[in-house]
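**Q**
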Amino acid sequence: MDILLKQLRDVSLSVLPITILVIILNFTIIPVESQMFIRFLIGAFLVIIGLGIFLFGAHLGITPIGNLMGETIAKTNRPYLVGGLGFLLGFLITIAEPDLQILAQQVNLASGGIVPGTLILIVVSIGVGIMVGIGLLRILYETPLNKVFTLVYFIIFILGLKTSQEFLAISVDASGATTGAMTTPFILALGYGMSQLKGGKTSDEDSFGMVGLASAGPIFAIMIMSIIRGLTNIQGEAADLAVNLGILNPYLITLPRVAREAVFTLLPLLILFLIFDKVRFKLNKRSKKSILKGLLYTFIGLTLFLVGVNAGFMEVGMVMGEGIARNYTWLLPIIGFLLGLVVVLAEPAVHVLTEQVEDVTAGHIKRAFILTALSIGIAFAVCSSMLRIMIPGLKLWHFLLPGFALGIILSYKVPPIFVGIAFDSGGVASGPMTATFILAFAQGAAKAIPTANVLVDGFGVIAMVAMTPLVAIQTLGLIYKIKSKKKESN
Amino acid sequence: MDRLNKGLVLFWCILDFGKGSRLFRLSHEIGGVGATIFLGKGTVRNELLKKLGIMDTRKEIFFTIIDEELEQTYYEKVNERFALERPRHGIAFSMPLKYCSRIDNSKTVRAIKKEGENSLDYEAIFVIVDKGSTDDVLEASESAGSTGGTIIHGRGSGTKEKERLFNIQIEPEKEIVLILSKAEKTQAIVDAIKERLNLHKPGAGIIFVMDVSRTVGLYE
Chain A
0 MDILLKQLRD VSLSVLPITI LVIILNFTII PVESQMFIRF LIGAFLVIIG
50 LGIFLFGAHL GITPIGNLMG ETIAKTNRPY LVGGLGFLLG FLITIAEPDL
100 QILAQQVNLA SGGIVPGTLI LIVVSIGVGI MVGIGLLRIL YETPLNKVFT
150 LVYFIIFILG LKTSQEFLAI SVDASGATTG AMTTPFILAL GYGMSQLKGG
200 KTSDEDSFGM VGLASAGPIF AIMIMSIIRG LTNIQGEAAD LAVNLGILNP
250 YLITLPRVAR EAVFTLLPLL ILFLIFDKVR FKLNKRSKKS ILKGLLYTFI
300 GLTLFLVGVN AGFMEVGMVM GEGIARNYTW LLPIIGFLLG LVVVLAEPAV
350 HVLTEQVEDV TAGHIKRAFI LTALSIGIAF AVCSSMLRIM IPGLKLWHFL
400 LPGFALGIIL SYKVPPIFVG IAFDSGGVAS GPMTATFILA FAQGAAKAIP
450 TANVLVDGFG VIAMVAMTPL VAIQTLGLIY KIKSKKKESN
Chain B
0 MDRLNKGLVL FWCILDFGKG SRLFRLSHEI GGVGATIFLG KGTVRNELLK
50 KLGIMDTRKE IFFTIIDEEL EQTYYEKVNE RFALERPRHG IAFSMPLKYC
100 SRIDNSKTVR AIKKEGENSL DYEAIFVIVD KGSTDDVLEA SESAGSTGGT
150 IIHGRGSGTK EKERLFNIQI EPEKEIVLIL SKAEKTQAIV DAIKERLNLH
200 KPGAGIIFVM DVSRTVGLYE
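Top line first, the protein sequences correspond to chains A and B.
Residue numbers for the first sequence follow numbering that gives the first Met the number 0, beginning at 0 and rising by one.
Residue numbers for the second sequence follow numbering that gives the first Met the number 0, beginning at 0 and rising by one.
1. Against chain B, which members of the stretch 54-69 of chain A pass a CB distance test of less than 8 Å?
2. Could you give the distance in angstroms between the alpha-carbon of A/I61 and the alpha-carbon of A/I186?
3. With a threshold of 9 Å between beta-carbons, can B/S20 be considered close to chain A, or not?
4. Pull up the distance between the alpha-carbon of A/G420 and that of A/T353, whole angstroms please.
5. Name the chain B residues that come within less than 7 Å of A/D358, Cβ to Cβ?
6. What are the residues that DSSP puts in a beta bridge with B/D55?
7. Considering only the alpha carbon of each residue, which of A/F166, A/M35 and A/T71 lies closest to A/R279?
8. Check the Cβ of B/P201 against every Cβ in chain A and list those closer than 7 Å, keeping chain order.
9. Is there a C-beta anywhere in chain A that falls below 9 Å from the one on B/D15?
10. Can you list, in chain order, the residues of the stretch 367-378 of chain A whose Cβ is nearer than 7 Å to any Cβ on chain C?
11. Between A/I129 and B/Y121, what straight-line distance do the alpha-carbon atoms span, to the nearest angstrom?
12. Hey, out of A/K74, A/S206, A/Y327 and A/A310, whose CA is closest to A/I37's CA?
13. Please confirm if B/E59 has its CB atom under 9 Å from at least one CB of chain A.
14. Helix, strand or coil, according to DSSP, for A/R256 in the structure here?
15. Exposed or buried, what is B/D134 when buried is set at 16 or more other beta-carbons lying within 10 Å of its beta-carbon?
16. Since A/M35 is in the alpha helix (DSSP H), which residue starts that stretch and which ends it?
17. Any beta-carbon of chain A closer than 9 Å to the one on B/R87?
18. Based on the DSSP secondary-structure assignment, which residues constitute the bridge partners of A/Q164?
19. Is the stretch 263-277 of chain A touching the stretch 389-398 of chain A, taking contact as three or more C-beta pairs under 8 Å?
20. Taking CB distances under 9 Å as the criterion, tell me whether B/E170 reaches chain A.
21. So, does the CB of A/Y191 fall closer than 9 Å to a CB anywhere in chain B?
22. So, does the CB of A/G293 fall closer than 9 Å to a CB anywhere in chain B?
23. With the cut-off set at 9 Å, would you say A/F156 and A/F422 are in Cβ contact?
24. Classify B/I199: buried if its beta carbon has 16 or more other beta carbons within 10 angstroms, exposed otherwise.
25. Between the alpha carbons of B/D103 and B/S156, how many angstroms are there, rounded?
26. Kindly provide the ranges of any beta strand (DSSP E) runs that are 3 or more residues long and lie completely inside the stretch 269-302 of chain A, ordered along the chain.
27. In the structure shown, what three-state DSSP assignment does B/K173 receive?
28. Does the distance from the C-beta atom of B/I64 to that of B/L9 stay below 9 Å?
29. Output the distance between the C-alpha atoms of A/L265 and A/M181, rounded to the nearest integer angstrom.
30. Do you know offhand how far A/M317's Cα is from A/L120's?
31. Do we get a CB-CB distance below 9 Å when we pair A/A421 with the residues of chain B?
32. Comparing C-alpha positions only, which one of A/I448, A/P468, A/P415 and A/L409 sits nearest to A/G426?
33. Closer than 6 Å by C-beta to A/I47: which residues in its own chain qualify, once you throw out the five before and the five after it? Chain order, please.
34. Should A/A471 be flagged as near chain B, meaning a C-beta pair shorter than 9 Å?
35. Leaving out five residues before and five after A/K74 in sequence, what residues of the same chain have Cβ atoms less than 8 Å from its Cβ?
36. Tell me the rounded alpha-carbon separation between B/T107 and B/F92.
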């Protein structure tokens with residue numbers, strides 16, 4: 000039983016900081032109506048329980064499946080099979096991602112049907128597929144990660160010059176949508192399995208970087224699509240929040256939708272596992288049962304987590320963002336900073352990533368190091384996004400361009416393992432908690448400030464959250480390097 | 000071959016993941032020289048957890064070399080801090096060492112083999128070095144006649160390494176190389192590795208040797 004209690008304590012410690020911050024805000028500067036506040040507390044409870052169950056499930060189900068597939072692919076040792084299977088896996092897990100389907104619909108509506116939803120789905124899935132294929136081939140050939148990222152982001156930069164503002168925002172958002180709570184642990188485990196089986200000198204550092212590569216896929220895929228089809232101009236609006244009444248009602252409305260989405264995310268993974276197991280893994284009954292149980296927990300946990308976030312957190316985020324922007328505009332960056340500090344702790348994939356980091360480095364790079372760096376990074380991301388909403392002249396690329404440039408430069412200066420962890424953290428940090436709560440907060444703030452654009456500024460937050468970890472984690476790597484050097488010279 | 004005239008023991012402790020760094024600190028407080036941790040998985044005995052499908056849990060395996068006189072203190076202090084006598088709180092055990100090149104050179108002890116001691120065919124050589132030096136270790140040992148080695152990835156805490164970040168100690172990555180060698184070759188292998196990796200320098204790494212009572216699967 001100790002294990003369950005420990006898990007409960009761990010997840011509570013991750014979710015309580017954001018909960019307490021919201022409670023303090025509620026009782027000091029921005030009281031929300033009492034029903035909404037109770038809904039928030041229920042939401043926080045569901046998020047804790049859901050996160051705990053999800054992490055058990057990820058540990059038992061998703062991670063082993065990813066590891067096994069990575070090992071199987073590594074065993075083929077034929078470049079075309081490695082690339083081909085990587086493409087197939089990336090494509091299949093992306094096309095079923097509910098967040099992406101919602102985005103595709105929105106783009107379809109906003110473009111007045113010029114961009115069909117299925118086109119977006121297929122284009123983005125191809126983008127992820129290509130990058131997962133490239134990521135696995137990179138592990139096979141031991142190509143340094145910093146060089147691959149330099150090339151990828153250089154191409155994105157060139158394409159970005161020719162892409163319209165709206166499609167820039169959509170491409171970044173598609174990237175956030177594809178690195179969901181389920182796909183991220185899977186892709187992490189895939190790279191880990193592949194590089195550990197392959198072995199060799201770089202196997203530890205090669206265990207990371209797959210998520211970073213995969214989340215670059217949608218960006219260039221959508222950019223290329225918009226350039227080829229000559230799309231520039233679409234109109235968009237953030238979906239208006241339905242007015243919620245009662246305490247339990249919003250939960251009852253959200254539950255079936257979220258449960259259905261969770262099934263769709265899990266389905267490709269389940270089917271792929273069953274096929275691979277028949278053909279390759281041939282697991283014994285006990286292991287197979289354990290993995291299937293894991294997938295079931297993942298489903299239950301993810302559903303509870305998402306219900307809690309959607310029905311409890313999102314609305315409070317939007318109301319608070321709006322209220323603070325209206326009454327205490329000058330406080331916006333400070334509160335944004337505080338929210339950023341604590342929100343990333345509650346991201347499911349962050350737990351999976353930090354555990355993998357500890358496993359790969361035998362506890363040398365501690366969870367606390369990564370979490371501290373991530374917290375500071377995300378705090379700056381949210382804080383600067385608030386400044387951008389407040390100051391009309393400040394544009395997203397004023398932050399993104401120097402940020403990514405710094406990220407690329409740092410990748411040549413820090414120990415390689417930090418490059419992989421940093422680029423993965425970008426995808427990991429922009430998970431469901433940020434995508435709902437922080438996005439809602441930013442959109443609420445943008446609504447209250449007349450000069451801000453709800454659509455562009457909202458998407459910008461996700462882009463910032465995906466960028467700052469690159470700088471934060473690699474700075475951590477730089478400090479690590481300097482500290483170890485000092486030791487040698489002593 | 001160098002032998003001990005003073006008893007040294009290898010002290011082991013297996014704890015739940017996350018407690019290892021606390022044990023590092025405790026070990027320093029007691030007066031240990033340095034220690035190494037690697038990760039493993041432990042079984043779960045609880046029926047409910049098994050029903051839920053939770054079969055294993057992450058563990059940290061800690062080991063350090065200590066003077067025989069300290070052994071009792073270690074058991075007492077570790078037990079006091081981690082409540083090992085209570086079920087499922089971890090285990091500790093210790094085993095005698097045959098030879099050790101200590102981190103702190105002044106304490107290196109050389110001894111002559113005791114008369115009448117039962118000499119066995121094989122010995123286990125453990126080498127603990129910074130990550131990235133394993134190729135050197137294996138090359139050196141092969142040049143002196145070993146047939147191979149096994150590498151375990153871990154992290155360490157030596158007396159020389161005290162860098163901190165966010166007020167948390169940085170524990171450098173280490174690699175543990177296990178080589179099983181014919182007893183008559185042990186000295187040559189140990190010397191070759193010491194030479195290649197400059198193990199006489201403090202903080203460069205350590206070697207220790209243990210008796211092996213039986214082996215299977217080894218071939219020349």
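Glycine residues also receive a C-beta, built at the ideal position from the N, C-alpha and C atoms.
**A** Based on what the coordinates show:
1. F55 and L59
2. 9 Å
3. yes
4. Correcting the residue type first, residue 420 of chain A is Ile in the shown sequence and not Gly. Approximately 9 Å between the Cα atoms of the pair.
5. L38
6. B/T42
7. A/T71
8. In chain order: nothing, as chain A lies at least about 10 Å away.
9. yes
10. In the structure shown, chain C does not exist; the protein chains are A and B.
11. 52 Å
12. A/A310
13. yes
14. helix
15. exposed
16. S33 to G56
17. yes
18. Paired residue(s): none; A/Q164 is not in a bridge.
19. no
20. yes
21. no
22. yes
23. no
24. Note that residue 199 of chain B is His in the sequence shown here, rather than Ile. When all chains shown are included, B/H199 counts as exposed.
25. Note on B/D103: pLDDT 42, under 50, position unreliable in the model; the coordinate value appears next. C-alpha separation (whole angstroms): 14 Å.
26. none
27. strand
28. yes
29. 8 Å
30. 28 Å
31. no
32. A/P468
33. V10, S11 and V14
34. no
35. L196
36. Low per-residue confidence applies at B/T107: pLDDT is 40, beneath 50, and the placement is therefore not dependable enough to give any value.
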